[in-house]
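Undergrad:
Protein chains in written order, with the working numbering: chain F, 348 to 1115; chain Z, 2 to 160.
Set out below in structure tokens:
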């Protein structure tokens, strides 16, 4: 620690800090544009010039390290003169089109020019003009003349997103921010550039000209689209969500937001929102009053329960339903005597149930990820499934951590990967077994060669080791074995292991007891052995289930299907009642993030049309069925009941016992490798037009190793028929030589592949 | 695609820098391409980026920053006239006018036969010989007069 003085205030600060950091710590504001605490120092805007005693001229506060006894004056005559001079230069070429600029009202340049700008300009000459650029559907760069070339967006791409998509081309007065050969910005974190831009050069394309910042009211919420639990500031006007911004929290999402969290709101008011209860009578859908629909649903359930038996009723919910919804759903089911309730729709191996000691979670706090020095990430489409966790791991790797990858695909993670083993899905267990053996040998000082040994060696060299299991492992048919092996490896490495949760409430579903328990049927068996009645909460069966074929045939054969959904979708084909429920912005609720953080939020807007929060619908259904304990007045009451006496921290436990690792039976033919594409994960995201226009949302292709394509006589780029079970779809074949041989990568969760079967297993690809 | 000659040259250049700082060779790589083709197309920049292992945009930044890289075809011979202060005082305007009369092109233009391209340049540090002319970024000619320019063009015509 060293002592400095800023504006006469004595400050103790760390050696190596810059003046601007020390000043901000002490609550002294220094004007700046290009400086950002999360980015590298560029010192190119010069706005932060301050006077330093004994320095002959003003110094940039963002790039000047503090020194013992330094005396800094941020508002002395010399400093202010310098700052005003810089401001005059910055405004020389700025169009001053604030009245038509989207940034107006939340613009750093506008704010700062009030303090440091002149009343009128001395500049009479022609201003330079920079042509607008098309950067894709999310980021608008229409008015690049407003750019002050701070290069925050460029540095964000290089340092946080891991790919340099924007750069500053040309020089001096001709310098401009652009992408290479008019390319789009495709990063899954690109929206943060909008927040970072201190002026109106990069603005939100979907939000363009929708509202002024001061007209918006702001509600805090929590992201429903991944398991991180990012804080959202949902901004609304006239009962409509118009924009979503991050709420800063260094322990969760820092000051960032993934594009999915930021732009999903565009799907909230899509044309296929369900706004009135509907029932099917004589094969025709009719809009009815709530009372009628609820009675119809209640009678349907009562009828099946008293006739065929309550165990003939199954309930399925998505893992991004709120804790309250999941809790009341299972309470309702158990109230009528059925244990068949589950939220783990894409899981295929449930053998861990009963052997697992608690709710599977990250195994550590999100903030701790930054302190890990050896990662083993197994089966994760890391960048797409967990964009901000990927960014966090990227930062850790930059600071010297080693990332080891075991997976069935080899996508570019935009970070340095120390070792990787890319194997077919049925070889994952074998690979982890080898790593475990090699690590045990390594601990005894024996080194071997090979991929597994290299990974083991890396893990053995670390002090804070973590094994992270991705969505691919959680959905894998040998998930329990993989979990047991991860546990073994973590124990050998004196480290931790955890799950990168799949959805917003992957942990919360366990806490809400929305799992079948010993006597009930889990999500897979409920569809495998069809029930007579189903209750679906937020589920789009053909997109959300592990095996869409099986799900659809079970639902189509059922007598009664009660659907609680925010949207009209394929359920129109098999459902009997559609109850319009509110998406997460229109209801209060709670998500438990993958690190076990319980976060409640309020509705940001009123439910659209006659839609109602699902917890209220479930409560009334409980009343109709004359069940006990359905008299909650608020969602908070439901939450308190669900978590009453529950020690959340104690419930989080990944430990598993009694699972033996067995190599999978040899498969013949191609194995399917499937991810759920980043913008296909849930109902809201699927309907967000701007997200669906991005490169990440392109129609899935059938990816094979080019040797496999050759064997099948298929040219990349041509149509192929991809088949599984009874169904087949036409896709375009594509070559990816980083894939292991013997696999075909065909995404799930997308309308184009919804006619296929299970996410894992054999798949056929032939010329169309 | 980069020609084998260029990749050989780049490989040699890369040996001059530490293995983890391969992007130091980008300026030389761009020069090799320009020497071969006369200009650097975006595809060439993309190829260089892949070969050296750096972002395409970073190559583009370098290529656009330095004035001597031709970002469009500039003819078989690129003539760069310095128009900075010393040359201007000594008559660079006359040089441009004479070249315009002889070649029929102005600054930034290429002759119809693709033989000559004319560019405006910044100070080349040879003010003692002003006004000066740079041929293909390789050769400086100074103390220009009409006759001297005709003589230079005659030499180049022969090549």
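Backbone N, C-alpha and C define an ideal beta-carbon position, used for all residues, glycine too.
Please state the DSSP three-state secondary structure of residue 708/F.
TA: Looking at residue 708/F - three-state DSSP - the assignment turns out to be coil, as it is neither helix nor strand.
Undergrad: Hey, does residue 57/Z have any beta-carbon neighbour from chain F nearer than 8 Å?
TA: It does: the Cβ of residue 57/Z has a partner Cβ on chain F nearer than 8 Å.
Undergrad: Would you list the one or two residues that DSSP bridges to residue 412/F?
TA: BP columns for residue 412/F point to 365/F.
Undergrad: Compare the beta carbon distance of residue 748/F and residue 719/F with 8 Å and say whether it is the shorter of the two.
TA: Contact: yes.
Undergrad: The stretch 38-62 of chain Z: which residues have C-beta closer than 7 Å to a C-beta of chain F, in chain order?
TA: Within the stretch 38-62 of chain Z, the residues whose Cβ lies closer than 7 Å to some Cβ of chain F are 43, 56, 57, 58, 59, 61, 62, listed in chain order.
Undergrad: Can you tell which of 395/F, 441/F, 355/F, 939/F has the C-alpha that lies nearest to the C-alpha of residue 708/F?
TA: It is 939/F.
Undergrad: Please name the residue, chosen from 443/F, 1100/F, 505/F, 470/F, that lies closest to residue 495/F on a Cα-to-Cα basis.
TA: If we check each option's Cα against that of residue 495/F, 443/F comes out closest.
Undergrad: Taking 8 Å as the cut-off, does the stretch 969-985 of chain F touch the stretch 634-653 of chain F (at least 3 CB pairs, one atom from each stretch)?
TA: Flag = yes, the stretch 634-653 of chain F and the stretch 969-985 of chain F touch.
Undergrad: When you compare only the Cα positions, how much space is there between residue 763/F and residue 811/F?
TA: Computed Cα separation, rounded: 18 Å.
Undergrad: Should residue 962/F be labelled buried (16 or more other beta-carbon atoms within 10 Å of its own) or exposed?
TA: Buried is the call here.
Undergrad: For the alpha helix (DSSP H) containing residue 543/F, list its first residue and its last residue.
TA: Start and end: 539-543.
Undergrad: Contact criterion: CB-CB distance below 8 Å. Does residue 33/Z meet it with respect to chain F?
TA: Judged by the 8 Å Cβ criterion, residue 33/Z is not in contact with chain F.
Undergrad: If you follow the alpha helix (DSSP H) that residue 150/Z is in, where does it begin and where does it stop?
TA: Taken as a continuous stretch (DSSP letters only), the alpha helix (DSSP H) holding residue 150/Z covers 147-159.
Undergrad: Is residue 362/F closer than 8 Å to residue 416/F when the C-beta atoms are compared?
TA: Contact flag unset, no.
Undergrad: Residue ranges of each alpha helix (DSSP H) run of no fewer than 4 residues wholly in the stretch 718-756 of chain F, ordered along the chain?
TA: Fully enclosed alpha helix (DSSP H) runs of 4 or longer: 729-732, 734-745.
Undergrad: Would residue 79/Z count as contacting chain F if we go by Cβ distances under 8 Å?
TA: Output row for residue 79/Z: interface = no.
Undergrad: Kindly indicate if chain B contains any beta-carbon less than 8 Å away from that of residue 513/F.
TA: Reference to chain B is not applicable here, since the protein chains of this structure are F and Z.
Undergrad: Under a CB-based cut-off of 8 Å, is residue 96/Z close to chain F?
TA: Output row for residue 96/Z: interface = no.
Undergrad: Just to confirm, is the Cβ distance from residue 914/F to residue 1030/F under 8 Å?
TA: Yes, Cβ-Cβ distance for residue 914/F and residue 1030/F is below 8 Å.
Undergrad: Are the C-beta atoms of residue 8/Z and some chain F residue less than 8 Å apart?
TA: It does not: the Cβ of residue 8/Z has no partner Cβ on chain F nearer than 8 Å.
Undergrad: With a Cβ-Cβ cutoff of 8 Å, do residue 395/F and residue 412/F count as a contact?
TA: Result no, Cβ atoms of residue 395/F and residue 412/F do not sit closer than 8 Å.
Undergrad: For the ligand HEM, any of its heavy atoms closer than 7 Å to the Cβ of residue 435/F?
TA: The ligand HEM is absent from the structure shown, which contains no ligands of any kind.
Undergrad: Among 899/F, 744/F, 662/F, whose alpha-carbon lies nearest the alpha-carbon of residue 716/F?
TA: Selected option, being the one with the closest Cα: 744/F.
Undergrad: On the premise that residue 868/F lies in contact with residue 656/F, defined as a C-beta separation below 8 Å, what is that separation, rounded to the nearest angstrom?
TA: Residue 656/F to residue 868/F, Cβ: 13 Å. No contact.
Undergrad: Is the shortest distance between the beta-carbon of residue 65/Z and the beta-carbons of chain F less than 8 Å?
TA: True, the Cβ-Cβ gap to chain F drops below 8 Å.
Undergrad: Would you say residue 933/F and residue 952/F are within 8 Å of each other, going by their C-beta atoms?
TA: In contact: residue 933/F and residue 952/F (Cβ atoms closer than 8 Å).
Undergrad: Looking at C-alpha atoms only, which residue of 18/Z, 43/Z, 7/Z is the closest neighbour of residue 30/Z?
TA: That would be 7/Z, whose Cα lies nearest to the Cα of residue 30/Z.
Undergrad: Along the chain, where does the beta strand (DSSP E) containing residue 288/F start, and where does it finish?
TA: For residue 288/F there is no data in the structure shown, the boundaries of chain F being 348 and 1115.
Undergrad: Give a yes or no on contact between the stretch 541-555 of chain F and the stretch 485-505 of chain F, applying the rule of three or more CB pairs nearer than 8 Å.
TA: Segments in contact, yes.
Undergrad: Closest to residue 388/F by CA distance: which of 506/F, 433/F, 437/F is it?
TA: That would be 506/F, whose Cα lies nearest to the Cα of residue 388/F.
Undergrad: Tell me the DSSP secondary structure of residue 1047/F in three-state form.
TA: Correct three-state label for residue 1047/F: coil.
Undergrad: Classify residue 999/F as helix, strand or coil using the three-state DSSP reduction.
TA: Here residue 999/F sits in strand by DSSP.
Undergrad: Run through chain Z and tell me which residues come within less than 7 Å of residue 528/F, C-beta to C-beta.
TA: Within chain Z, the residues near residue 528/F are 43.
Undergrad: Residue 517/F touches chain Z at which residues, Cβ-Cβ below 8 Å?
TA: Those within 8 Å of residue 517/F in chain Z are 65, 66.
Undergrad: DSSP three-state label for residue 954/F, please.
TA: Correct three-state label for residue 954/F: coil.
Undergrad: Among the residues of its own chain, which have a CB less than 6 Å from the CB of residue 1110/F, if the five just before and after it don't count?
TA: Contacts found: 1017, 1019, 1071, 1091.
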